[in-house]
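In this note's numbering, the protein residues as written are 16 to 170. The next block holds one structure in the form of structure tokens; read it before the comments.
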């Protein structure tokens, strides 16, 4: 009888510890994801700016952030938003600085349908941990390039 009580107690302690560890892992994952949302929006916007630049410049890759700033359109706000922490609209220069602090672009990248490189990374050079389907900047660039390289009908 005493052995059964000890076994039940140990089982409950183990279960409580396992539940606590699982809850901690979920909480850590949620907190990390929430912290990475601004970076994910910055990545998305960078991909959008890159594809817009490629489209407006006959597939030429930009040489720096200043080139990307030329395609910011007042009438097409970015999801990441050009607003500061108080909700005030940021200047284009401040917006680019904000993107630049979160995202790194390989300005020597050579766009082409066979180039599977990833020219857009986190500011520390790593891969993005949080992205939305269809909004990963490297996928956006590669998809745009692949679409542009397909022969067009009716010409």
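All C-beta atoms, glycine included, are put in the ideal place defined by N, C-alpha and C.
Residue i - partner residues in DSSP beta bridges
i	result
residue 104	98
Backbone secondary structure at residue i - three-state DSSP
i	result
residue 135	strand
residue 119	strand
residue 74	coil
residue 130	coil
residue 110	helix
residue 23	helix
residue 87	coil
residue 140	coil
residue 56	helix
residue 148	coil
residue 28	helix
residue 68	helix
C-beta atoms of residue i and residue j nearer than 9 Å
i	j	result
residue 84	residue 119	no
residue 128	residue 65	no
residue 43	residue 150	no
residue 163	residue 70	yes
residue 31	residue 114	no
Span of the alpha helix (DSSP H), counted from its first residue to its last, around residue i
i	result
residue 84	80 to 84
residue 163	152 to 164
Contact belief for residue i with residue j at Cβ below 8 Å, rounded distance in angstroms
i	j	result
residue 112	residue 124	At roughly 21 Å, the Cβ-Cβ gap does not stay under 8 Å, so residue 112 and residue 124 are not in contact.
residue 143	residue 55	7 Å
residue 135	residue 61	6 Å
residue 74	residue 126	6 Å
residue 138	residue 117	5 Å
residue 86	residue 68	5 Å
residue 77	residue 122	7 Å
Check: residue i C-beta below 8 Å from any heavy atom of the ligand MN
i	result
residue 61	What this structure holds is no ligand at all, so the ligand MN is not there to describe.
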